[in-house]
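Reviewing the structure listed below.
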Amino acid sequence: MWGLACMGIAHAHERETMGYRVVLAVMAGGLACSGLAGGARAALAQEPASPAPHVAANLQKLPPYQNKVNEYIDLASVQARGTHSSATFIQDFDEDMIRHGLPFASVRFSVVYNCAADTYRTMAYSTWSGHMGTGHRIADGPVPRGEMTVDPSLRDGRRIACGKGAHGEGE
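Going by full-length UniProt numbering, the residue at position 81 of the sequence shown is 81; the numbering climbs one at a time, nothing skipped.
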(Lines of atoms letter the chains of each structure in order from A and count residues from 1; the text may use other names and numbers.)
(Lines give C-alpha, C1' and ligand atoms only; values in the text may rest on other atoms or scores of the structure.)
Protein backbone atom coordinates (compact mmCIF):
# COMPACT_ATOMS: atom_id res chain seq x y z
CA MET A 1 0.00 0.00 0.00
CA TRP A 2 2.72 2.49 0.87
CA GLY A 3 5.13 1.49 -1.87
CA LEU A 4 7.99 2.29 0.46
CA ALA A 5 11.17 0.42 1.21
CA CYS A 6 11.21 -0.05 4.97
CA MET A 7 14.19 -0.59 7.19
CA GLY A 8 14.11 -3.05 10.08
CA ILE A 9 13.41 -0.53 12.81
CA ALA A 10 12.76 -1.52 16.39
CA HIS A 11 11.24 0.77 18.99
CA ALA A 12 13.83 3.42 19.81
CA HIS A 13 13.90 4.84 23.29
CA GLU A 14 14.91 8.43 23.75
CA ARG A 15 18.18 9.04 25.54
CA GLU A 16 19.85 12.32 26.19
CA THR A 17 23.10 10.80 24.95
CA MET A 18 21.58 10.28 21.50
CA GLY A 19 20.70 13.04 19.09
CA TYR A 20 17.00 13.52 19.89
CA ARG A 21 16.04 14.39 16.34
CA VAL A 22 17.65 11.23 15.00
CA VAL A 23 15.57 9.20 17.45
CA LEU A 24 12.49 11.14 16.34
CA ALA A 25 13.19 10.21 12.73
CA VAL A 26 13.76 6.55 13.61
CA MET A 27 10.50 6.43 15.58
CA ALA A 28 8.65 8.06 12.70
CA GLY A 29 10.22 5.62 10.26
CA GLY A 30 9.06 2.71 12.38
CA LEU A 31 5.52 4.04 12.38
CA ALA A 32 5.56 4.64 8.64
CA CYS A 33 6.84 1.12 7.97
CA SER A 34 4.33 -0.60 10.21
CA GLY A 35 1.46 1.59 9.13
CA LEU A 36 -1.37 2.45 11.43
CA ALA A 37 -2.65 -1.08 11.95
CA GLY A 38 -3.39 -2.95 15.13
CA GLY A 39 -5.19 -0.19 16.97
CA ALA A 40 -2.44 2.38 16.51
CA ARG A 41 -4.89 4.75 14.83
CA ALA A 42 -7.06 4.73 17.97
CA ALA A 43 -4.04 5.45 20.13
CA LEU A 44 -3.06 8.35 17.89
CA ALA A 45 -6.52 9.86 18.27
CA GLN A 46 -5.50 10.78 21.81
CA GLU A 47 -2.34 12.57 20.67
CA PRO A 48 -2.27 16.26 19.77
CA ALA A 49 -2.79 17.10 16.11
CA SER A 50 0.33 17.07 13.99
CA PRO A 51 1.90 20.40 13.11
CA ALA A 52 0.02 21.95 10.21
CA PRO A 53 1.89 23.89 7.57
CA HIS A 54 1.68 27.66 8.02
CA VAL A 55 0.29 29.40 4.97
CA ALA A 56 2.75 32.26 5.44
CA ALA A 57 5.74 30.24 6.63
CA ASN A 58 8.96 32.13 7.16
CA LEU A 59 11.62 29.43 7.13
CA GLN A 60 15.14 30.06 8.37
CA LYS A 61 17.73 27.37 7.72
CA LEU A 62 19.56 26.24 10.84
CA PRO A 63 23.22 25.16 10.97
CA PRO A 64 23.60 21.47 10.12
CA TYR A 65 23.60 19.01 12.99
CA GLN A 66 23.83 15.88 10.84
CA ASN A 67 25.02 15.10 7.32
CA LYS A 68 22.25 14.81 4.69
CA VAL A 69 19.60 16.53 6.85
CA ASN A 70 18.59 20.16 6.41
CA GLU A 71 16.67 21.74 9.24
CA TYR A 72 14.53 24.86 9.27
CA ILE A 73 12.65 26.82 11.92
CA ASP A 74 9.40 28.48 10.88
CA LEU A 75 9.83 31.99 12.28
CA ALA A 76 6.12 32.67 11.65
CA SER A 77 5.27 29.91 14.15
CA VAL A 78 7.38 31.25 17.03
CA GLN A 79 5.26 32.31 19.99
CA ALA A 80 6.36 33.41 23.46
CA ARG A 81 4.36 33.37 26.67
CA GLY A 82 6.01 33.94 30.02
CA THR A 83 9.08 31.73 30.31
CA HIS A 84 7.97 29.45 27.44
CA SER A 85 8.38 29.75 23.68
CA SER A 86 7.11 27.45 20.96
CA ALA A 87 8.17 26.87 17.36
CA THR A 88 7.60 24.53 14.44
CA PHE A 89 10.53 22.93 12.63
CA ILE A 90 11.04 21.04 9.38
CA GLN A 91 13.72 18.42 8.82
CA ASP A 92 14.31 17.74 5.14
CA PHE A 93 16.21 14.57 4.25
CA ASP A 94 18.68 14.07 1.41
CA GLU A 95 17.55 12.02 -1.62
CA ASP A 96 20.35 9.56 -0.88
CA MET A 97 18.77 8.72 2.50
CA ILE A 98 15.40 8.14 0.82
CA ARG A 99 16.93 5.87 -1.83
CA HIS A 100 18.52 3.82 0.96
CA GLY A 101 15.23 3.10 2.70
CA LEU A 102 14.09 6.15 4.65
CA PRO A 103 10.30 5.89 4.19
CA PHE A 104 9.64 9.65 4.21
CA ALA A 105 11.24 12.81 2.82
CA SER A 106 10.59 15.27 5.64
CA VAL A 107 9.40 15.65 9.22
CA ARG A 108 7.46 18.57 10.70
CA PHE A 109 7.52 18.90 14.48
CA SER A 110 6.46 21.41 17.12
CA VAL A 111 8.42 22.08 20.29
CA VAL A 112 7.75 24.10 23.45
CA TYR A 113 10.87 25.38 25.19
CA ASN A 114 10.98 26.25 28.88
CA CYS A 115 13.52 29.02 28.37
CA ALA A 116 14.14 29.54 32.09
CA ALA A 117 14.88 25.86 32.76
CA ASP A 118 16.66 25.07 29.46
CA THR A 119 14.26 22.20 28.74
CA TYR A 120 11.85 21.37 25.94
CA ARG A 121 8.86 19.18 25.19
CA THR A 122 7.86 17.86 21.77
CA MET A 123 4.18 18.61 21.23
CA ALA A 124 3.55 16.93 17.86
CA TYR A 125 5.26 15.62 14.76
CA SER A 126 4.35 14.13 11.40
CA THR A 127 6.23 12.55 8.52
CA TRP A 128 5.63 13.65 4.92
CA SER A 129 6.18 11.99 1.53
CA GLY A 130 7.53 15.18 -0.03
CA HIS A 131 10.31 17.56 0.81
CA MET A 132 9.75 20.52 3.15
CA GLY A 133 6.63 19.07 4.80
CA THR A 134 4.70 18.68 1.55
CA GLY A 135 3.05 15.79 -0.24
CA HIS A 136 1.03 13.20 1.66
CA ARG A 137 1.17 12.84 5.42
CA ILE A 138 2.56 9.37 6.04
CA ALA A 139 2.20 9.14 9.80
CA ASP A 140 1.77 11.10 12.97
CA GLY A 141 4.16 10.01 15.64
CA PRO A 142 3.65 9.41 19.31
CA VAL A 143 4.78 12.40 21.32
CA PRO A 144 7.38 11.69 24.01
CA ARG A 145 6.16 12.74 27.43
CA GLY A 146 7.92 15.01 29.88
CA GLU A 147 10.45 17.76 29.53
CA MET A 148 14.00 16.97 28.49
CA THR A 149 17.20 18.98 28.71
CA VAL A 150 17.89 20.84 25.47
CA ASP A 151 20.60 18.87 23.67
CA PRO A 152 23.12 20.52 21.32
CA SER A 153 21.09 19.64 18.21
CA LEU A 154 18.20 21.83 19.46
CA ARG A 155 20.29 24.78 20.70
CA ASP A 156 19.93 26.95 17.60
CA GLY A 157 16.14 26.59 17.57
CA ARG A 158 16.00 27.34 21.29
CA ARG A 159 18.14 30.45 20.87
CA ILE A 160 15.79 31.80 18.20
CA ALA A 161 12.52 30.84 19.92
CA CYS A 162 13.56 32.02 23.38
CA GLY A 163 15.12 35.16 21.91
CA LYS A 164 11.70 36.23 20.60
CA GLY A 165 10.22 36.51 24.10
CA ALA A 166 11.15 38.53 27.16
CA HIS A 167 13.32 35.75 28.60
CA GLY A 168 16.37 37.89 29.16
CA GLU A 169 18.12 36.42 26.13
CA GLY A 170 19.13 37.88 22.81
CA GLU A 171 19.54 36.31 19.41
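Every residue, glycine too, gets a C-beta built ideally from N, C-alpha and C.
- Annotation: Asp156 is outside any beta strand (DSSP E); the continuous alpha helix (DSSP H) that includes it extends over Arg155 to Gly163.
- If you keep only unbroken beta strand (DSSP E) runs of at least 3 residues inside the UniProt domain "Surface-adhesin protein E-like" (66–152), you get 69–81, 84–93, 106–114, 119–128 and 137–140.
- Straight through space, the alpha carbons of Ser85 and Asn114 are spaced by roughly 7 Å.
- In its chain, beyond the 5 residues on either side, Asp92 have a beta carbon closer than 6 Å to the beta carbon of Asn70.
- If you ignore the 5 residues before and after Val112, its C-beta comes within less than 7 Å of the C-beta of His84, Ser86, Tyr120, Arg121 and Met123, all in its own chain and listed in chain order.
- Cβ contact annotation for Ile160 (same chain, cutoff 6 Å, sequence separation greater than five): Ile73, in chain order.
- In the three-state DSSP reduction, Leu62 falls in the coil class, being neither helix nor strand.
- By the Cβ-count criterion, Gly82 is exposed, with fewer than 16 other Cβ atoms from all chains shown falling within 10 Å of its own Cβ.
- Cβ contact annotation for Pro63 (same chain, cutoff 8 Å, sequence separation greater than five): Asp156, in chain order.
- The beta carbon of Gly130 sits closer than 8 Å to those of Ala105, Ser106 and His136, all from its chain and outside the five residues before and after it, given in chain order.
- One alpha carbon belongs to Val143, the other to Tyr125, and they sit about 7 Å apart.
- Around the Cβ of Arg158, a 10 Å sphere holds 16 or more other Cβ atoms; the residue is buried.
- Around Gln60, the same chain offers Ile73 and Leu75 as residues with beta carbons nearer than 6 Å, after the five sequence neighbours per side are excluded.
- In its chain, beyond the 5 residues on either side, Ala105 have a beta carbon closer than 7 Å to the beta carbon of Ile98.
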